[in-house]
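Student: Protein chains in written order, with the UniProt record's numbering: chain A, 1 to 545; chain B, 1 to 545.
Note that the Cβ used here is the ideal one computed from N, Cα and C, for glycine as well.
Following this line, the structure appears as C-alpha cells:
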C-alpha cells in the first residue's frame, strides 16, 4: 500500500509540473457568471495585487509568508472573538478577542456543517462531495481522503514550504488519507475524532450520564462486542512517506478521560515545539494546529470559567493555549511575515444544550445542519502590514476559498489542479483591499451528499425535499430573519426562479465534471505498532467486507 | 386640578425637607439579606466613595456631574454597541459602539419587560407595581404616574439641578403624570406612544399590511367610531407648573407617517437645543432624551442600512442622531463632567419577526415577557475619569438602581423617600470600582402585576402558575442555557426552596409596605389648546366612567 501511495504521490508531482499558468481553473457555473460581469475589474485588481505580494516578498528576503492555520472544533458563530458574547455564555476568550482586533474579522464565513467535510473543503478547495467525502465516523470505515485529491499542503510543499499538521485530522482511517501522506512533512493526530472514544469511559458515564461504560450496564443480552467500539487506534505520529506509530497506548490499556486530557496537552506542546522548529528553518512554513478541545464531555476538576460547563470551560482553556501559540510565534520573530488564521469548523452540537452552554444562540441550528447555525462560524485572519488591523468584512466567504487564497499568497496558484472543479475562490483581494472585495456572493450548502440550501447575497433558499414543488421552498433574508424561521412570500416568489437557475448551473457543472471517488482501503494499514486489540477489531471489521 | 397638583408638589417638597440622612432607606427583604452579610465592607467602601465623589466635585467647581440619560425603545440585547451583532442584523451602530468603549458596558442590565414600567422603575427607583403602574395603553385611560411618587427629577431639582425631558414619556394621560408636573422644568413629549397612532395611517396600511386606515376597509358594520382611536392628543410641550400645549396638530388634521417622522426630527432638534441651553447655565443639569425611534412601521424612502427594514433602518438613523448629541455635548465643553447613559427599555417585539429584523436573537422572548429577551438590554454608561473607559461588568443591575445611583452621584441620597420601599440599589461602587462591586445579585421579574420569575446569580426560576406545585417550576442557568429552554432537574431540586424563600421575603415586604395606588384623573386636563376632536374623544371616553 505504501508503495502504491508513493507512486500516486509521484503522479501528483508530475501532474503538478504540467499545470500551465495559462490553463484556467475550472470553477463552478456561478463563479463564471460573476466572472463574466467583473472580468476586467478583477484582472486589473489582480495585477495590483501581484505587485503588492511581490513587495511583501521583497521585504521578507524574497520569501512568501508563513501560514499558521488554527481550526477549532464545533464552536457556533459569536462564541469567540467578542466580549459581549463572552458575557452571555459565561466564558472568556480574551486572546482570541485581542487577535480579532489585530486583523480582519470575516463576519460571513461559511463552512460545511460538519468536521470532516469542512476540513476536506479547506484542504482541497472543493466541495467535499466532489471528493466523495460525506462524513467519517469514529468507528472503522476503511475510507478516507483519496490520494488523488490535491491538498493545500501538497501545493505549498511543492513551492518549498515546510509543512506540519498537529491535532484533529478526521479524514479517514486508511493509509492514503493520513496527513503525512497528504502533503505534510510531519504530523501528530488521532486516527479518529478522539472525544467520541472518550465518551466510552467510566468518567464520561458518571458525568451527567453522558457516556457509556460497560461497567454501568449488565450487558446481559450483548452478543456483538464490537458495536461498542473497542481496541481502536488512538493518537499516532508519522513522517512523510513513513509509517505511523501509535504513541500513547500500551496493549490492553483502557482509554480514559485522563488520557484524553493528556492527548490535548500533548498536541498543544507539540504545536509550540513544531512552531519553534519551523520558525528556525530557512524555508517558509505551513502549519495546521487543529485542537481537539473544546470538545469534551466531562466536567473539569475545578472550573476556570463562570459557566463551568465542560464545553464552555475547555473553550476558555483553549483560548489560553492559543494565546501561548501566538506568544510563541512572536518569540520566534516570525509573526510579521506569518498569516495566522483562527476559526471554527462548524456550529456546535446544540442538540445537547442545557448541559454546558451548548446552545443555539444567534443563529438557529448547529452541527450537521444547513441552517446558519450549522455553517456560520467565527473566523479571524491576521497578516501584519497586509491585512488592515481591526477591520471586518461582511462579504460571503466559504472555507474552500482558503485553499485558493493560501495558494495565491504563497505564489502557488499555478499548482492548483486544472483537471477538476475547484470551488475555492481567490479571496486575496478581500484580504488586501478590504470589505466589499469578495469574489463570491453565494454558497451551496450541503448536508453530506444532499444539497440542502443555496445562499445568494442576503437571501437563502431552503431547497424543497425530493418530490416537493419549488413553490414550497422558503426563502429567507438572513439580515431580517437570521434564524430562518419566517419565510416571506415576497422573497420566495421573485427569487425562486433565480435560485432554481443557480441549482441547475451547479448540477450542469457536476454533470460535466463528475465527482471523484472517496478513497477506500484496509483500515489501519501503515501503522507500525498496531496493538493486538486493534488488529482484532480490524479483523472483525474485515469479516464483513 | 393644577391647583391640587401644586399642593401635592408642595407636600413633596416639605416631605423632602424632613428626610433625615440617618433614617434608613426601606429596601426589599432580599437586599437586607445581602446587607447583613456585607454591611461592614459596604460601609467602608462607601466612605471611600464619598471621598472620591468629593474630589470629583472639587475638580468641577464644587458641582456634582450633569446627567444625560438616553433611553431607547424596544431594542433587544446585543443589537447595539458591538460590531459583531451589527454584521448579523445588517445595520450599524458605530456611534453607540464607540460610546461603549468610552465607559462601562453593563452586561447584565435588567429592565421591566415593557416601556411604561421600565420608565416608572427608573423614575421612581421602585418596582412599578408598588406605584400601581402596570402598562399604559395608547388609547385614553385616565391614569398615570401618581403625584405622590417621587421621581429622580424631583430629587435632583431639589438639589439645584436644571431638569429637562425630551421625547417618549408614556406615563399616562392625566395632568399629574405629565413630566413637567413630575420634576422636569421643561418637557416636550407625545401624550401617548406615538408610533401606535402612526399605525393608523394610510402609509402604514400599505407598508406590508401592518397598519389600519379606514380607507382600506368598507367599515360596513361599524358602530363605535372610537374603537379605532381618533382625535388623540399628539405631541405637547410644557413648563413646570404650567399648562401643556399641543404643538403639531391643527383641528381636523390627520396624523400621517410624515408627521411621525417630523415629530422624531423635532425631538432630536430639541434635544440638541436643550443640551446647549442647559450647558450654558451655571447649575448642573439632568436631561432625559427618550427617542421614539427605532419604533417605526413604514419602510424608508431609501434604506440607509443593509437590512433596510423599517425598524433596523431607524435604529441606524438613531445611532447617527445619538452621535450628534454626543458631539454637541463635546462642543459645550461639559462632556468631562457629565454622566452619559445609553440603554434600551426592554426587548423588541419579536412577535412580528421576519418583517424587519425584529428577531429573538441571543436571548429568547421579547417585550411583554419575563424571559431574558424581554428584560435584558444593552446599557452603556460613561463618566470620564470616574468610570474606567472600555470596562465591562457582568454584575446584575436593575433599571431601578439608576434612581438610587444617580441620586448618590448628585449628592441627593438624603432626598430619597424613607416612607416607601425603594428597590433601587446604589450601584455607585460598581461604577467607580468596577466589575464585582454590585450590591445586587437578584431581580424579581414582573409581567405587569404578576411576579413571573426570580433571578438570583446565574440561576433563574420561572415561577409556577397559580395552583401549580413549586416542583413544576423550572430553573435555568442563564450562562449554560441563555434561551431558557431546557430546565435541569439538578438545578431545580436544590434551588427550589431558596427561590421560594426569596418570593416569601418579597411578599412579606409588600405586606408590610403595601403598594400605592396608580394616579387617576380626567384625561387631557392641563392642555390649553385641546382640539375639538380630542375634546369629543374625551367626552365619549367619559360617558362610561
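Taking the alpha carbon of residue 291 of chain A as the point to measure from, which residue in A:254, A:58, A:361 and A:167 has its own alpha carbon closest?
Tutor: Minimum Cα distance to residue 291 of chain A is reached at A:167.
Student: Would the segment 185-205 of chain B and the segment 306-321 of chain B be scored as touching if the rule is three or more Cβ pairs under 8 Å?
Tutor: In short, these stretches do not touch, since the Cβ pair count stays below three.
Student: Got a sec? Which residues, its chain only, sit under 6 Å from residue 437 of chain A by beta carbon, not counting five neighbours each side?
Tutor: Only 429 and 430 meet the Cβ criterion.
Student: Along chain B, in chain order, which residues have C-beta atoms closer than 7 Å to that of residue 362 of chain A?
Tutor: What residue 362 of chain A touches in chain B: 88, 361 and 362.
Student: Below 8 Å, can you find three or more Cβ-Cβ pairs linking the segment 468-487 of chain A to the segment 369-379 of chain A?
Tutor: Contact between the segment 468-487 of chain A and the segment 369-379 of chain A is present, because at least three Cβ pairs lie under 8 Å.
Student: Here's the rule I'm using: 16 or more other beta-carbon atoms within 10 Å means buried, otherwise exposed. How should residue 525 of chain A be labelled?
Tutor: Residue 525 of chain A should be labelled buried.
Student: Give the straight-line distance between the Cα atoms of residue 10 of chain B and residue 417 of chain B, rounded to the nearest whole angstrom.
Tutor: The pLDDT assigned to residue 10 of chain B is 41, lower than 50, so where the model puts this residue is not dependable, and the model offers no usable value.
Student: Using a Cβ-Cβ cutoff of less than 6 Å, which residues in the same chain neighbour residue 165 of chain A once the five nearest sequence positions on both sides are dropped?
Tutor: These residues qualify, in order along the chain: 179, 184, 187 and 288.
Student: Our contact map puts residue 367 of chain A next to residue 349 of chain A with C-beta atoms below 8 Å; I'd like the distance itself, whole angstroms only.
Tutor: That pair is a contact at about 5 Å.
Student: Between the segment 103-113 of chain B and the segment 387-406 of chain B, are three or more C-beta pairs nearer than 8 Å?
Tutor: At 8 Å Cβ cutoff, the stretches touch.
Student: Exposed or buried, residue 38 of chain A, counting other C-beta atoms within 10 Å across all chains shown (16 or more means buried)?
Tutor: That one is exposed.
Student: Can you list the residues of chain B that residue 95 of chain A reaches, using a CB-CB cut of under 8 Å?
Tutor: Residues of chain B passing the Cβ test: none, with the nearest at roughly 17 Å.
Student: Give the straight-line distance between the Cα atoms of residue 537 of chain B and residue 407 of chain B, rounded to the nearest whole angstrom.
Tutor: About 40 Å.
Student: Since residue 26 of chain B and residue 513 of chain B should fall inside the 8 Å C-beta cutoff, what is the C-beta to C-beta distance between them, to a whole number of angstroms?
Tutor: With a Cβ gap of about 6 Å, residue 26 of chain B and residue 513 of chain B count as contacting.
Student: Taking contact to mean at least 3 C-beta pairs separated by less than 8 Å, is the segment 127-144 of chain A in contact with the segment 110-119 of chain B?
Tutor: Touching, no, given that fewer than three Cβ pairs across the two stretches are closer than 8 Å.
Student: From this set, A:376, A:265 and A:296, which residue's C-alpha is nearest residue 324 of chain A's C-alpha?
Tutor: The shortest C-alpha separation from residue 324 of chain A is found at A:265.
Student: Output, in sequence order along the chain, the residues in the segment 103-134 of chain A whose CB is closer than 8 Å to any CB in chain B.
Tutor: The segment 103-134 of chain A vs chain B, Cβ under 8 Å: 105, 107 and 108.
Student: Just to check my reading of the structure: residue 361 of chain B and residue 88 of chain B have Cβ atoms closer than 8 Å, yes? What is that Cβ distance to the nearest angstrom?
Tutor: 7 Å between Cβ atoms; contact.
Student: Between the C-alpha atoms of residue 36 of chain A and residue 464 of chain A, what's the straight-line distance to the nearest angstrom?
Tutor: Rounded to whole angstroms, residue 36 of chain A to residue 464 of chain A spans 29 Å at the Cα level.
Student: Look at residue 338 of chain A and residue 68 of chain A and say whether their C-beta atoms are less than 7 Å apart.
Tutor: Contact: yes.
Student: Could you tell me how far apart the beta carbons of residue 231 of chain B and residue 533 of chain B are, in whole angstroms, since I believe they sit closer than 8 Å?
Tutor: Right, the Cβ-Cβ distance comes to about 3 Å (below 8 Å), so this counts as a contact.
Student: Which residues in the same chain as residue 281 of chain B place their Cβ atom closer than 7 Å to its Cβ, once the five residues preceding and following it in sequence are excluded?
Tutor: Closer than 7 Å at the Cβ level, and outside the excluded window around residue 281 of chain B, lie 162.
Student: Per the contact definition of three or more C-beta pairs closer than 8 Å, is the segment 145-158 of chain B in contact with the segment 209-229 of chain B?
Tutor: With a cut-off of 8 Å, the segment 145-158 of chain B and the segment 209-229 of chain B do not count as touching, because too few Cβ pairs lie within range.
Student: If we define contact as Cβ-Cβ less than 7 Å, is residue 394 of chain B a contact residue for chain A?
Tutor: It does; some Cβ of chain A falls within 7 Å.
Student: Leaving out five residues before and five after residue 451 of chain A in sequence, what residues of the same chain have Cβ atoms less than 8 Å from its Cβ?
Tutor: Closer than 8 Å at the Cβ level, and outside the excluded window around residue 451 of chain A, lie 444, 445, 463, 503 and 506.
Student: Determine which residues share a DSSP beta bridge with residue 290 of chain A and list them.
Tutor: BP columns for residue 290 of chain A point to A:167.
Student: Would DSSP call residue 57 of chain B helix, strand or coil?
Tutor: Here residue 57 of chain B sits in helix by DSSP.
Student: Any Cβ of chain B within less than 7 Å of the Cβ of residue 337 of chain A?
Tutor: Cβ-Cβ to chain B under 7 Å: no for residue 337 of chain A.
Student: Within 7 Å of any Cβ in chain A, is that where the Cβ of residue 525 of chain B sits?
Tutor: Not an interface residue.
Student: Is the Cβ of residue 277 of chain A closer than 7 Å to any Cβ of chain B?
Tutor: Chain B contact via Cβ: absent.
Student: Just curious, the alpha helix (DSSP H) that residue 85 of chain A is in, first and last residue?
Tutor: Run containing residue 85 of chain A: 83-89, per the alpha helix (DSSP H) assignment.
Student: Please check if any C-beta of chain A sits within less than 7 Å of the C-beta of residue 19 of chain B.
Tutor: With a pLDDT of 39 at residue 19 of chain B, under the threshold of 50, the modelled position of that residue is not reliable, and no figure is offered here.
Student: Against residue 229 of chain B, what residues of chain A qualify as contacts under a CB-to-CB distance less than 8 Å, listed in chain order?
Tutor: Those do not exist, as residue 229 of chain B stays about 28 Å from chain A at its closest Cβ, beyond 8 Å.
Student: Please classify residue 255 of chain B: is it buried, with 16 or more other beta-carbons within 10 angstroms of its beta-carbon, or exposed?
Tutor: That one is buried.
Student: Name the one or two DSSP bridge partners that residue 190 of chain B has.
Tutor: Residue 190 of chain B pairs with B:235.
Student: In angstroms with no decimal places, state the Cα-to-Cα distance between residue 83 of chain B and residue 204 of chain A.
Tutor: If I take the Cα positions, the gap works out to 38 Å.
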